[in-house]
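Protein chains in written order, with the numbering used here: chain S, 19 to 1111; chain X, 1134 to 1571.
Where a beta carbon is used, it is the ideal one built from N, C-alpha and C, also for glycine.
Before any comments, here is the structure.
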């Protein structure tokens, strides 16, 4: 037994990466204690629980990192590193007033060598509802003088004109104008939230105390330059995070500033002329709503800095249901009207595309929900060469608890009935307090992260705020220092060096000017095929300052092939063959070359954005389908613009059909010999005043050799089945290029909203028949809509044929293709909550051959289907567009998402309940409020949010009710290639970039002219439930093939693609000798690209 | 709650002892108020609250009508209502049954109705204490349960459960139309309430008010003058006007925010306020148990119908609230004294329902019936004395101008709408023989 125990022990107690150190051992006993009193509490000051900061730097220049903590109400503390992870509190002896001003409310802390004397100074920010004098920031100038002297700090904020009395969150010192000295950006916040969203008009006002400020260092005095440099100073500022980084790699520092509440974050791009421009709207498709801390770093080693900003979404089902989530379409619309951008309550990871745009991928990356979060730090904790992610979180009171919102009022009334006074503190104390562990994720090297809270030893529940990562024991790995509310600060020793053979390199950079800390210096480390990029920018995360030493993990590499240093003056210094496992102190050499650009010559992009050949902007109609069926996952009314290609006048030039909108009919644009497109003058096609065009196709319906046009109606809005709103139309060509409604009407096809029309001669009788896919029955989601097989009975007359797939499901796309080499096309179908289906036509009609082609068919949210031979084996392969993995919805074969539906309460409306797994249990997506609105009887079943918070569907519905429901499932979300191998489809994984948004359009062609088929995936979907939010990370995903069916992602700048919006249609058109790509996205102009070669 | 219980006990102990047939009239108010408290807890919205009151009292009304010749049966008043079957195999106490029926109906109907199980148990315990026999109790409860079940069947046909099948309201973004208001931007409350079957009215549109002053941005327009009046009034409120505004606020859920936190402060609904005024008046008039139940039920029916009429107009005109109009054209930072309720402005609900119910109460109890209203004391507001129901209604209506949530035409035209409803209801009373009781 004993022996067994000894043997088993090492397996069980797997060493954790981080070891929490005992305060008694480190000497760090600091705790940010918050006393809540009747007069001083979260109701009196809204940012009462926002915590305080940590700053790490070498104050005494002894080569060891020292630590300074701010405390909101109590004394700041300065700890000197004595080596071996022991520290000494020298706050009192190091300088008068270092503990902070009595009665002040201290927030962030920044370290910088403000006067350029080589000694690190401390700048402490103040906020709070106190008088201006008590709120002025403090600058402690390090006057130690020479090594070995006792530390000495003297407060000199006023002399430097840094005694700012604003509501300061944090300051960051950087050289924005590249004059060699450090300027400062002061992050401010208003102390009163604005509930009225119409107040976005306050963007015309200036508030000196609440609005952010930028001060220029003019000979040691900090002069207000805010307005001059273009920094917003709105009263709506609620700054909680700031990071300086050169996001566009032009060598000049840019600024990212977060805002709490409705005000969007700001990305200020340095214009290199002493001014900044807010480019948030062009750079980002959506933002975190209640943005808090922010970090900017290149986490995927593509050399481009990415942005991580934090919000408040909890990870677990219970807290998601218990705490308030914004799902209010009216206030969301109001925000859009006010130009406040799309904002959602979850963490945002903005992947830098290198072309001025970012793709938000936090959900795909697995880092979107870490509860009420403050400090993100992207750093390589395990030294494997990729930056990991650490996040602090915690809020002393769960004051967004919905039971509290709804039922605390009862307490107040009870008190009044009992004639007892209501105490404010009763209210505060009534708010539950939930301590949860901080989060840490390891980088999977593929844009995603894995939660390592348990494996890496970060399981202690706390209320944490500011944090820093720094090598405290100079052993070559990054330790963690965390400021906690009402608990001693945490110091975690990183054991990576002890536990692994991973190597590292550290840099201390000394530029040739007074910016002695090297702020703004950029370092790229090359090892093999890999490069890592960092910039010296110490104020990152939240309220905190990181050391200026750059730390790179090198996996097990013994040396870096080369290191490229770009100094703040833009001169470049290259070091080659640098041995690992050392701290390199690099002084800027005078021989460094100025203005040298990266050696890598940018290859010519595959596509080039060009002037539109068809000048048409789609007009978005603002339907809200959730007003009709609130529990759908997304809308169905946004179908346009629809593009189709044909040659209506048989002049050999391709013409285009462009669908219309409620105000204007669609029409044909005829290509002219001079390469221009002219809209047809005769009457338009497809009246959309009370309907929506959802698909269109040119084909010869009547066999006269001229292209006719079939226009399918779809959408959702207020359309009713079996009304003209959903009846399709056929336009016949008069032989002169004019399209007129067919005199022989189509049969009744108005039973459903359509998605696609695919012509083929399925019965081999020489004329073209049609498959028309049914998308949804408006008002009856998710009942299976009618799909139609239209048999051409000659002369453009059609009849509906009975088929086994007439109610197969919510069909999104279909293709006719010969899969079994019998020269007869099979019908392939895909859709929502459906597998990809294959039907073969036989003399006995269509038979379902799905099982033969897909032995393990996965139901998906399939959106699109393309058939082509990808690997040159002469067989048709498939590419099927799906939802992707960049959403809250999670499902797999093991944990399928399920949609149960029935008219449970017998009131004539369908009650659909979508459920998916969260942390191993399948929960309904519906919130208690939504459920109560859907089925009034439910109001009686769950008295409180806490009762509902853990409910699974079998607790919500009775066994009888559940028995009456039908069920649809989904098990696969990925866009997938299926290679035809011996008559069976074999799933082939695509790069993760293919999974970052829904794929609605797929083009296959040899775009890069290397002889192999490539894929172009287009899509995005922004009309989702607010709880899902806009999925819009796709700017045109180009995947180049190698001829075997496997594909590689081409970066956006290499691809030359920056496609905006939800793509609804795409056509490739030949104009002269050039192939153009015409992309129709909802509410956008038609975007036009040509291939670059 | 404790205080009311105490009050009741006190009244009870001072009443002459009756071996049989105890008069439970003093129990009417606390019983109905127990239902009110659950509605406050559940944040029942104003129109829905009156529907609950009407049905909760309907069964009790039916029970007393079957025992008192001078109480006109609800079936004579409500077109689609048929007399209910009372399962009376053995002797039972109709007052006990009526009281129990109020709680039982509410228990079945209200979201947190289960909270009333305690009230039911308490009621039975009190009744035992004063000597009501077990058999009588059991029989009375049985009768009450039977009636409540039948009321539920009647209620189920009023299209309430159809509301959730209707298209959710989507505000028009054009100028002059209602849009959700800060701080909560709560979506429109009961946009389809017009489909609910009325009790006494022929249809929701029977008393369609005059149209509102048309929206205009022109500063010389009638609309702008109305908005200016709200704005200017808010700037020069007397303390008495402030008090009046708060007194009649009757917002079941005013959201207070502080940073990320929001708390709902709760008040009795407008209908609940008038139901309690009815209780206070019934006590003051020393109405018999049956008269009291009858008056409460008639008041509840009137309230329910007045809300249906008012809500029909609200979502016909969809008029912009003063807060939105003033923020957009006069003062972007202005906030009204009262929190703007989450539905369109025209006509003023409090004006319509207060005016309608004041007419009915005036008919039943007299035009000079003064009373002391203690309803708002649990919301930390003082008692208030009124010389008549109409005076109270007038004050309730005007309070909306002081509170900054209604324009004057919504108040005045709302009062006319309410008075017309009240007049119609009284005509019905006269036709079927409902007579004044005081």
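For residue i, go through chain S and note every residue whose CB falls closer than 8 Å to its CB, in chain order.
i                       : result
residue 1461 of chain X : 216
residue 1295 of chain X : 925 and 926
residue 1512 of chain X : 431 and 434
Which bits of chain X does residue i rub up against, with CB to CB less than 9 Å?
i                      : result
residue 418 of chain S : 1393, 1394 and 1395
residue 61 of chain S  : 1391, 1392 and 1394
Can you give the beta carbon distance from residue i to residue j, rounded, assuming they're within the 8 Å contact cut?
i                       : j                       : result
residue 883 of chain S  : residue 896 of chain S  : 7 Å
residue 1474 of chain X : residue 1456 of chain X : Incorrect: roughly 10 Å between the Cβ atoms, too far for contact.
residue 1016 of chain S : residue 899 of chain S  : 7 Å
residue 658 of chain S  : residue 1082 of chain S : 6 Å
Run through DSSP, which three-state label would residue i get?
i                       : result
residue 1531 of chain X : helix
residue 1248 of chain X : helix
residue 1397 of chain X : strand
residue 218 of chain S  : helix
residue 206 of chain S  : strand
residue 613 of chain S  : Residue placement at residue 613 of chain S is flagged as unreliable, the pLDDT there being 49, under the threshold of 50; the coordinate-derived value follows with that caveat. Of the three classes helix, strand and coil, the one that applies to residue 613 of chain S here is coil, per DSSP.
residue 626 of chain S  : strand
residue 225 of chain S  : coil
residue 1269 of chain X : helix
residue 1571 of chain X : coil
residue 963 of chain S  : helix
residue 361 of chain S  : strand
residue 143 of chain S  : strand
residue 930 of chain S  : strand
Just the Cα atoms here: how many angstroms apart are residue i and residue j?
i                       : j                       : result
residue 1559 of chain X : residue 1520 of chain X : 21 Å
residue 1265 of chain X : residue 1219 of chain X : 20 Å
residue 1187 of chain X : residue 1437 of chain X : 7 Å
residue 279 of chain S  : residue 212 of chain S  : 9 Å
residue 1182 of chain X : residue 1431 of chain X : 15 Å
residue 1492 of chain X : residue 1205 of chain X : 19 Å
residue 1435 of chain X : residue 383 of chain S  : 59 Å
residue 763 of chain S  : residue 1065 of chain S : 46 Å
residue 962 of chain S  : residue 450 of chain S  : 15 Å
Using the beta-carbon of each residue, which ones in chain X are nearer than 8 Å to residue i?
i                      : result
residue 65 of chain S  : 1392
residue 953 of chain S : 1297
Against residue i, what residues of chain S qualify as contacts under a CB-to-CB distance less than 9 Å, listed in chain order?
i                       : result
residue 1320 of chain X : 346, 347 and 348
residue 1173 of chain X : 427, 428 and 431
So which residues of chain X does residue i contact, with C-beta pairs closer than 7 Å?
i                      : result
residue 426 of chain S : 1396
residue 961 of chain S : 1245
residue 211 of chain S : 1390 and 1392
Starting from residue i, follow its DSSP beta bridges and name the residues at the other end.
i                       : result
residue 454 of chain S  : S:480
residue 65 of chain S   : Answer is none; residue 65 of chain S lacks a bridge partner.
residue 1097 of chain S : S:1084 and S:1105
residue 497 of chain S  : S:488
residue 592 of chain S  : S:582
#### Entry: Interface positions of the stretch 632-649 of chain S facing chain A (Cβ-Cβ less than 8 Å), listed along the chain
Absent here is chain A; the protein component of the structure consists of chains S and X.
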